[in-house]
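First up is the structure itself, then whatever we jot down about it.
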Amino acid sequence: MQNTDTDTNDGVYSRVKYNFQHMTEATIMIVDDEPITMGVVQFFLEEFGYHKFVLVDRSVEAMRLIEETCPDILLLDLLMPEVSGFEILSAVRSHSRFKHLPVIILTASSDSEDKIRALDLGASDFLAKPVDQSELGLRVRNTLAAKSFLDQLAYYDPLTSLPNRRMFLEALDRALREARRYQEGLGLLSIELDRFDRINDTIGLSAGDEVLRQVAHRIVGVIREVDLLGRVSGPNAESEKNLFRMEASVFSLLLKRIRGTEGAAIVAGRILQALRPPLVVEGKEIYVTASLGIATFPVESDDGGDLLRLASSARDYAKNNGGDTFQFSSSAINSMYEKRLSLENRLRKGVERQEFVLYYQPKVDVGSGFIRGVEALVRWDSPDGFVSPGDFIPLAEEMGLIVPIGAWVLQEACRQLQEWHRAGYPDLSMSVNLSVKQFTSPDLAAMVRRCLDESGINPALLTLEITESLLAEDIEEKIVLMRQIKEMGIKLSIDDFGTGYSSLSYLRKLPVDELKIDRSFIMDLPGDKGCRAVASTIIFLSSSLNLLTVAEGVETAEQLAFLQDGFCQQYQGFLFSKPVPASKLFDLLRAEKV
Ligand code: C2E
Ligand code: MG
Ligand code: MG
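Counted from 1, the sequence shown has number 502 at position 499 by our numbering; the numbering is strictly sequential.
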């Protein structure tokens with residue numbers, strides 16, 4: 004049931020064929036008080052390729068485990084202590100959810116009365132103990148095939164081949180139980196096409212059906228894609244089973260294991276985007292949009308029925324607002340996303356209009372007090388005023404805009420450095436911050452090369468700052484990337500050192516030239532004993548590895564005095580200067596010469 008081939012008309016039959024091949028994915032429960040018998044049956048079935056088993060030797064546990072594991076077939080012993088097979092069979096048949104579960108009776112009893120009684124209770128088939136392997140294989144296979152055909156009719160929508168509303172309600176129930184047990188988030192998206200009636204009226208019913216099939220196909224494409232990104236639930240081949248056709252043009256999507264509400268918003272945005280390009284139906288281009296409502300567990304409710312109602316009414320709200328949009332069911336979350344969405348739009352425009360400027364903060368020699376270099380710090384000069392990088396860099400990272408922004412920063416910083424070199428400060432160095440996304444972007448090397456070539460600066464006077472968080476994962480790969488940069492003659496620095504995850508043993512291996520002590524360790528100097536110890540240790544460590552040591556965020560003369568007693572070579576901070584525009588920095592440089 005994994006492949007949702009929405010482009011074929013014969014959904015039902017193709018799916019049954021498909022199930023047939025994937026029958027070995029069935030979960031088989033065996034209930035028998037003799038573990039040896041169960042072991043033999045499992046062993047036999049494994050040889051046919053089955054691999055999902057639930058073995059139950061205490062019959063009192065059977066019903067609970069059926070509810071928990073939702074088997075596709077039950078192999079049931081009749082004569083057991085505690086609860087008998089008959090009792091389990093009748094409990095299964097009167098259970099609202101499992102009354103159609105196929106049950107094969109395993110019994111040593113040749114008593115035909117037992118058999119008749121079991122048949123009356125709804126047994127699907129019998130197998131005599133000791134079981135014969137080929138007969139076992141055949142019975143299990145036939146029973147599963149019949150079940151999958153019936154399931155198909157009962158649980159799938161023949162038009163789109165997607166699971167239907169009935170399946171959705173069961174899946175929601177199960178997903179909620181799992182989410183509660185593992186304390187995970189669950190998102191429910193209700194999706195409805197906008198003005199589908201009009202589409203049907205204009206192009207006819209059969210073309211309307213085709214629209215639904217293609218829409219289902221596109222949504223499935225989005226789910227696969229977000230899974231690959233690991234944004235929502237990690238790679239998961241089962242994900243497509245989480246889209247359901249509820250009625251006419253309404254679909255439901257279950258998003259399991261989401262983190263916060265953000266994952267749901269990302270998926271919703273992608274679905275809207277995926278539906279925008281025209282569909283081609285019977286040679287005509289048709290434009291469709293959808294309205295989406297989102298409800299999340301546990302944020303908005305912990306009840307399945309509630310979630311469904313909340314998602315549907317949020318969807319209606321989105322539709323009444325003109326459609327082609329998504330809406331959370333809670334107003335607090337909505338206003339958060341509205342703000343974010345408007346910030347996203349402004350940032351996108353900001354990139355188009357190049358609304359960024361660079362400020363520069365001096366890097367000063369601790370001993371002499373002279374400026375040795377500068378660090379370029381970007382600011383966004385938005386129509387609503389200056390925005391500091393802390394407020395837009397994380398968003399730019401997420402939106403993938405950091406790459407064009409960062410490319411501009413580096414280009415501009417190199418150009419500016421060349422200008423200062425020509426103006427009589429040929430030894431001045433430039434530091435530029437790189438975010439993780441930029442660092443791992445495949446065209447980083449080419450971009451850096453271009454900036455060096457265009458500006459003609461000496462690469463040794465350029466330092467790229469990376470943060471420790473970059474080293475949190477795949478450190479060996481990162482070292483390879485770092486070496487590639489170093490080969491161009493550029494220097495590398497670790498920014499905000501001490502706040503991240505660097506293991507000291509790796510520090511030795513890293514091809515870096517500079518360590519910047521995070522402001523948090525400087526802040527409470529020299530009064531705080533702990534800060535003194537940490538700062539001294541980092542300085543000692545850095546200098547024994549022959550790295551240039553830079554202190555960040557020096558604000559007081561006392562802090563500077565502490566640094567002057569040790570081996571810290573450079574510092575930055577408001578004590579000397581805040582980050583300033585290029586012209587102001589030039590004034591600072593000139594002032595030193597006088
Ligand atoms: P950072 O690279 O560690 O930069 C130092 C930050 O500390 C700057 O904040 C600076 O203004 C601030 N600062 C410097 N001296 C003092 C001081 O004495 N006291 C206090 N309280 N703060 C001081 P800013 O400019 O807001 O930048 C914040 C962070 O944003 C930077 O931290 C850097 O990680 C990032 N960033 C800035 N520009 C860029 C850029 O062009 N690209 C990327 N990827 N990240 C950037
Ligand atoms: Mg920095
Ligand atoms: Mg820093």
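Idealized CB from N, CA, C, for every residue including glycine.
Keep in mind it's a predicted model, so treat the numbers as computed, not measured.
- Note that the stretch 325–336 touches the stretch 301–311; at least 3 beta-carbon pairs, one per stretch, sit closer than 8 Å.
- Assigned with DSSP and collapsed to three states, T559 falls in coil, not helix or strand.
- The Cβ-Cβ distance between L147 and A29 falls below 8 Å.
- Here the distance from the Cβ of D521 to the nearest heavy atom of ligand 2 is not below 7 Å.
- Going by beta carbons, S496 and E471 fall outside the 8 Å limit.
- G501 sits away from A463, with the two beta carbons spaced by 8 Å or more.
- In the structure shown, M491 falls within a coil segment according to DSSP collapsed to helix, strand and coil.
- In this structure, ligand 2 has a non-hydrogen atom nearer than 7 Å to the beta-carbon of E468.
- In its chain, beyond the 5 residues on either side, L79, D80, L81 have a beta carbon closer than 6 Å to the beta carbon of G88.
- For E558, the CB falls within less than 7 Å of some heavy atom of ligand 1.
- The residues I374, R375, G376, V377, E378, S432, S434, V553, Q573, Y574, Q575, in chain order, have a CB closer than 8 Å to that of K366 in the same chain once the five nearest residues on each side in sequence are set aside.
- DSSP places F171 inside the alpha helix (DSSP H), whose first and last residues are 168–185.
- Between A538 and I525, the CB-CB gap stays under 8 Å.
- Ligand 1 has a heavy atom closer than 7 Å to the beta-carbon of G409.
- About 6 Å separates the CB atoms of L192 and L295; that is less than 8 Å, so the two are in contact.
- Under DSSP, E288 forms a beta bridge with V283.
- Note on geometry: alpha-carbon atoms of V597 and L591 lie some 10 Å from one another.
- L550 sits in coil when the DSSP states are folded into three classes, being neither helix nor strand.
- P84 is the residue among P84, M66, H54 whose C-alpha sits nearest the C-alpha of E37.
- With distances taken between CA atoms, V57 lies nearest to C73 out of F47, C73, F51.
- Using a 10 angstroms sphere on the CB of P584, the tally of other CB atoms stays under 16, which defines it as exposed.
- Going by beta carbons, V369 and L566 fall inside the 8 Å limit.
- Not one heavy atom of ligand 2 is found less than 7 Å from the C-beta of E471.
- Distances from the CB of A554 to the heavy atoms of ligand 1 are all 7 Å or more.
- Of the heavy atoms belonging to ligand 2, at least one sits nearer than 7 Å to the Cβ of N436.
- Shown here, P133 sits in coil according to DSSP, grouped into three states, outside any helix or strand.
- Beyond the five residues adjoining it in sequence on each side, I408 comes within less than 6 Å, by CB distance, of A399 in the same chain, given in chain order.
- In terms of side-chain proximity, the C-beta atom of D498 is found nearer than 7 Å to a non-hydrogen atom of ligand 2.
- Under the three-pair Cβ rule at 8 Å, the stretch 153–173 does not count as touching the stretch 44–56.
- About 5 Å separates the Cβ atoms of V63 and V86, confirming a contact at the 8 Å cut-off.
- Counting the other Cβ atoms within 10 Å of the Cβ of A564 gives fewer than 16, which makes it exposed.
- Rounded to whole angstroms, the separation of the alpha carbons of E341 and I226 is 23 Å.
- The three-state secondary structure of P462, taken from DSSP, is helix.
- Scanning its chain for C-beta atoms nearer than 8 Å, with the 5 sequence neighbours on each side dropped, one finds around T328 the residues L275, S294, L295, A321, in chain order.
- Contact holds between the stretch 254–271 and the stretch 175–182, because three or more Cβ pairs, one in each stretch, are under 8 Å apart.
- A buried status is given to S438, since no fewer than 16 other beta-carbon atoms sit within 10 Å of its beta-carbon.
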